[in-house]
Amino acid sequence: MGEETEAESLAEVQTRLQERFPGLSPTVVEAAVRTAHASLDGPIRDFVPVLVEHAAQDRLAALAPAEEEVGPQVELE
C-alpha cells in the first residue's frame, strides 16, 4: 500500500470513528487514530488501516460516555 493511499485510508477511518463516537471531540478521535497508527511501524503496510481502526475504536469506546450509542441499536419487543 502506498503512503498516500494509507493516508487516505486513515482519513476514512477517522471519519468513520467520528461518526461512531459523536460525543467525543474530533481532536480525541484524531489522537486515537494517530496513537494506533504510530504503534504500527512494520514494513508490511497492507492491513495497517484495519488494525488502526480496531485499536482506535477500542480506545475510543473506553473514553465514550456510558450512555453514548457505540454500536448498532437493537430494540427488543
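Under my numbering, the first residue of the sequence shown carries the number 1071, and numbering increases by one thereafter. Backbone N, C-alpha and C define an ideal beta-carbon position, used for all residues, glycine too. Owing to the predicted nature of the structure, the values given are computational and were not obtained by experimental measurement.
With respect to the 8 Å criterion, H1107 and L1080 are classified as neighbours on the basis of their beta carbons. Separation of E1100 and T1075 (C-alpha to C-alpha, rounded to the nearest whole angstrom) is 18 Å. No residue range can be given for D1116, since it is assigned to no alpha helix (DSSP H) and is classified by DSSP as neither H nor E. Around the CB of P1119, 16 or more other CB atoms lie within 10 Å, so the residue is classed as buried.
Taking P1135 as the centre and dropping the five residues before and after it, the same chain places the C-beta of G1093 closer than 8 Å to its C-beta, in chain order.
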